[in-house]
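In terms of the numbering used here, the sequence shown opens at residue 5 and continues consecutively. Structure record follows, encoded as structure tokens.
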Amino acid sequence: MVLSAGLGTRMAALNGNLPKPLITLNGQALIDRVLDRIAEAGVERAVVNVHHPADLIERHLKGRQTPLIEFSDERAARLDTGGGVKKALPRLGPDPFLIHNADSVWIESVGSNLARLCDSWEEEEMDCLLLLAPASISPGYQGRGDFALEADGRIRRRGEQEVVPFVFAGVSIAHPRLFDDSPQGAFSLNLLWSRAIAAGRAWGVRMEGVWMHV
């Protein structure tokens with residue numbers, strides 16, 4: 005699942021009416037960088053959600069074969085990250101799947117971070133597995149971190165007055181059961197992650213390389 009239905013308001017001065025996933029970096033659209041990366045990791049089919057302006061993204065990706073693209077249309081109402089994935093669940097099937105932000109950019113170190121993430125998945129223990137970047141070496145990031153990574157690999161959120169070492173890098177694996185009893189309409193994946201953290205079923209993998217906050 006490639007999340008590309010954001011409003012792109014942070015980049016409005018740069019992109020005008022162009023959807024953020026179509027902004028180019030080194031001559032390549034952000035969404036093409038993501039799709040190339042997941043294709044290299046062995047993904048054969050991707051569901052891409054679209055909201056504003058959806059037709060530009062659909063036209064840009066028309067005819068792409070690797071991976072094959074299906075669109076999940078959110079023109080009527082933007083559903084946020086959680087609601088967008090929930091709407092696409094019938095297209096994603098019964099097995100665990102990758103969720104990748106269309107604007108997630110990083111430079112690999114040794115090996116593939118997507119391969120590392122997939123190799124770390126344990127279906128019996130996990131409802132979600134997040135790729136986490138070290139905040140201190142992530143260009144453009146100025147926050148206090150999102151998560152701490154426990155010794156056993158589980159994650160916990162940053163406390164109100166705390167600084168934690170990791171920021172979410174925009175990629176995760178989810179089991180469809182993560183969405184059991186989830187709200188209707190628009191909601192954030194953060195809601196489901198918090199529930200999984202409380203149940204001890206949210207885990208993290210440290211990224212190797214340099215993630216950039218775009």
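Even for Gly, the Cβ is constructed at its ideal location relative to N, Cα and C.
- If you pair each beta-carbon of the stretch 196 to 215 with each one of the stretch 127 to 145, do three or more pairs fall below 8 Å? yes
- W215: first and last residue of the uninterrupted beta strand (DSSP E) it sits in: G213 to M216
- Task: Would you please state the rounded distance, in angstroms, between the beta carbons of H217 and S142? I believe it to be under 8 Å.
- Result: 6 Å
- Message: Between the stretch 180 to 194 and the stretch 78 to 89, can you find at least three pairs of beta-carbon atoms closer than 8 Å?
- Response: yes
- Pick helix, strand or coil for H64, following the three-state DSSP scheme. helix
- Which of helix, strand or coil DSSP assigns to N53: strand
- Message: Between the alpha carbons of A190 and R82, how many angstroms are there, rounded?
- Response: 7 Å
- Query: Among E164, P169 and R161, which residue has its Cα nearest to the Cα of P138?
  - Reply: P169
- Message: Please return the same chain residues whose Cβ sits closer than 8 Å to the Cβ of W110, not counting the five positions on each side in sequence.
- Response: N117, A137, A173, M211, G213, V214, W215 and M216
- Tell me which same chain residues have a C-beta within less than 8 Å of the C-beta of P100, skipping the five on either side of it? W125, E127, I177, A178, H179 and P180
- Item | Option nearest C122 by Cα separation, candidates L135, I159, G157 and L195 | L135
- Task: Report the three-state DSSP secondary structure of W125 (helix, strand or coil).
- Result: coil
- Which residues DSSP lists as bridging V209, in chain order: L135
- Query: Leaving out five residues before and five after L34 in sequence, what residues of the same chain have Cβ atoms less than 8 Å from its Cβ?
  - Reply: K24, P25, L26, I27, T28, A106, D107, V109 and V218
- Residues that DSSP places opposite S76 in a beta bridge: N53
- Query: Mind checking P71: buried by the 16 CB within 10 Å criterion, or exposed?
  - Reply: buried
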